[in-house]
Amino acid sequence: MEEKGFIKKYSAILDSNKLGYDFTTIILLQTEGGSNKELEDELINSLNVLGVYDITGHYDVALIAKFKTRSLLNTFIKKFLSKPNVKRTATNVALKVIKEDFKVEP
318 MEEKGFIKKY SAILDSNKLG YDFTTIILLQ TEGGSNKELE DELINSLNVL GVYDITGHYD
378 VALIAKFKTR SLLNTFIKKF LSKPNVKRTA TNVALKVIKE DFKVEP
């Protein structure tokens with residue numbers, strides 16, 4: 318599978334709660350204008366962001382992110398709300414993580 322490019326990398330799975338990441342969030346961004354490439358590039362380089370998705374529907378970008386404090390979450394959201402092409406955000410905080418496993422079975 319490595320030789321055929323199915324395996325991108327190997328990594329350890331850390332317990333985010335034990336590392337102090339108490340806030341798991343699903344954040345939706347509604348944007349204006351054309352491409353979201355610059356915004357998406359900034360999101361993927363944020364250490365708090367675990368996944369960025371270009372989506373259909375009322376919102377254009379969805380992301381999964383983890384934060385250690387409510388204050389850090391607030392700062393993150395306000396940073397992206399200040400971007401000229403971000404029209405609106407919707408932030409959901411997970412009360413309980415039921416399943417969190419991003420592996421794909423062959």
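Numbering-wise (our numbering), the sequence shown opens with residue 318 and increments by one.
Each residue gets a CB set at the ideal place from its N, CA and C atoms; glycine is no exception.
Keep in mind it's a predicted model, so treat the numbers as computed, not measured.
Item	Value
The stretch 341-361 touching the stretch 318-328, judged by at least three CB pairs closer than 8 angstroms	no
Distance, H375 Cα to T408 Cα	14 angstroms
Residue closest to T342, alpha-carbon to alpha-carbon, out of P423, V403, N391	N391
Neighbourhood of L398 by C-beta distance below 7 angstroms, restricted to the same chain and skipping five residues each side	T406
Element boundaries [alpha helix (DSSP H), containing L389]	387-398
Opposing strand residues paired with L345 [DSSP bridges]	A379, A407
Three-state secondary structure (DSSP) of L356	helix
For L364 and D371, the rounded distance between their alpha carbons	19 angstroms
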